[in-house]
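Engineer:
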Amino acid sequence: MNILFLITSIMLFSIAFPNFVFASSYDINIPTGAASPDAPYFWQNEKSGLATGDMDILIDDTVAWKNADTVAHTVTSGTPSDGPDGIFGNSDLLNPGQSYQFTFDKKGQYPYYCLIHPWMTGTVSVTDGYQTIPDVGQTVGDGNAVFDVEYRFNRALSLTIVDEKQKLLTFEILGHSQSDDNTLKIRLPADLIDGPFVIIVDGEKITDYEHFKDNDLNTISISMPEDSKLLTIIGTFIMPEFGMISIVILAIATMCIIMMGQKSRFQLHF
Ligand SMILES: [Cu+2]
């Protein structure tokens, strides 16, 4: 086989795969008797098994509503009080045995209902799977500059240290793995910490990671060793290196120097 072809194929694969998203599809079954206002449930969520029309999904996932009832229903985006909002679904009758599906490509809360039986309601919650650690930076500087750090991982992260001197953030890794995917994606605002970065997990330097910077947001993707307990991210800048107070002091000092300089020149002339 041609070596060049092989190298090109490997390169193409490595470019194509990291960004490949395995979108999922979920069913919501409309069970027999769902039309009754006294029914114990209106929709049955196949993902959670719960008797609810509520569904938590990730961006690009698809939800299919299947009418397993003996009467017609509609899947209409909106609320009974405000009416249809036209985001998904329609006013078409979904007859017994028919189904309707929609792929959600934006984050948000999407309420829906049945036009014929408006007490049948549900909500599709679409997230990008990221969790938020709020108020990072509150313990350093004047405490006024705080940032949200978002991450996506099969375990939980808790911020333990923001070290201004060593320009590092340390996170404790908690809980049990929720999946086999040990990739940690973490979004660090550049005003909080900026790279290039050194990644340390349980005292070991990690080389298997990727770093992208886009719109002052650093996204680091780290292949985490299993059962790791401590993650340290060392940067080359960390807030509040030049916080508001230091900028004000610097400005006053600069003005004093300029004024003193002008005064001495003034004195030289006369
Ligand atoms: Cu209905």
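Taken in order, the sequence shown gives residues 316 to 585; the numbers are from my numbering. We put the CB at the ideal spot given by N, CA and C, even for glycine.
So what does DSSP say about residue 435, is it helix, strand or coil?
Structural biologist: coil
Engineer: Determine the contact status of residue 376 and residue 438, defining contact as a CB-CB distance below 8 Å.
Structural biologist: no
Engineer: Identify the residues that DSSP records as bridge partners of residue 541: which are they?
Structural biologist: For residue 541, which the question treats as bridged, DSSP gives no partner whatsoever.
Engineer: Check each candidate in 339, 459, 373 and name the one with the smallest Cα separation from residue 554.
Structural biologist: 459
Engineer: Spatial neighbours of residue 394 within its chain, please: C-beta separation below 6 Å, excluding the five flanking residues on both sides.
Structural biologist: 426
Engineer: Confirm the yes/no value for this check: CB of residue 350, any heavy atom of ligand 1, distance under 7 Å.
Structural biologist: yes
Engineer: Quick check: does the Cβ of residue 432 come within less than 7 Å of any heavy atom belonging to ligand 1?
Structural biologist: yes
Engineer: When the Cβ atoms of the segment 378–394 are set against those of the segment 447–457, are three or more pairs found closer than 8 Å?
Structural biologist: No, they do not touch.
Engineer: Taking residue 546 as the reference, which of 472, 569, 441, 492 has the closest Cα?
Structural biologist: Considering only alpha carbons, the answer is 472.
Engineer: Taking C-alpha atoms, which residue in 392, 527, 550, 341 lies nearest to residue 515?
Structural biologist: 550
Engineer: So for residue 352, helix, strand or coil by DSSP?
Structural biologist: coil
Engineer: Quick one: what's got a C-beta closer than 6 Å to residue 418's C-beta in the same chain, skipping five residues either side?
Structural biologist: 377
Engineer: Taking only runs that begin and end inside the segment 467–518, name each unbroken beta strand (DSSP E) of 3 or more residues, in chain order.
Structural biologist: Listed in chain order, they are 471–478, 483–489, 498–504, 513–516.
Engineer: My guess is that residue 552 and residue 482 are in contact by the Cβ rule of under 8 Å, so how many angstroms apart are they, rounded?
Structural biologist: 7 Å
Engineer: Under the three-state reduction of DSSP, which class applies to residue 343: helix, strand or coil?
Structural biologist: strand
Engineer: Could you check where the beta strand (DSSP E) with residue 388 kicks off and where it finishes?
Structural biologist: Taken as a continuous stretch (DSSP letters only), residue 388 belongs to no beta strand (DSSP E), as it is neither H nor E.
Engineer: Thinking just about the alpha-carbon of each residue, which of 499, 462, 513, 517 is nearest to the one in residue 595?
Structural biologist: Beyond the ends of the chain as shown, which are 316 and 585, falls residue 595; an answer cannot be given.
Engineer: Where does residue 569 fall in DSSP's three states?
Structural biologist: Residue state for residue 569 is assigned as helix, using DSSP reduced to three classes.
Engineer: Run the proximity test for residue 554: is its beta-carbon closer than 7 Å to any non-hydrogen atom belonging to ligand 1?
Structural biologist: no
Engineer: Can you tell which of 502, 343, 535 has its C-alpha closest to the C-alpha of residue 465?
Structural biologist: Comparing alpha carbon positions, the residue from 502, 343, 535 closest to residue 465 is 502.
Engineer: Using a Cβ-Cβ cut-off of 8 Å (strictly less than) and excluding sequence neighbours within five positions of residue 529, which residues of its own chain qualify?
Structural biologist: none
Engineer: Return helix, strand or coil for residue 554, following the three-state DSSP convention.
Structural biologist: coil
Engineer: Please list the terminal residues of the continuous beta strand (DSSP E) segment that includes residue 382.
Structural biologist: 377–382
Engineer: What are the start and end residues of the beta strand (DSSP E) that includes residue 409?
Structural biologist: Unbroken run through residue 409: none, as it is neither H nor E.
Engineer: If we ignore side chains and look at the alpha-carbon of each, how far apart do residue 495 and residue 570 end up?
Structural biologist: 59 Å
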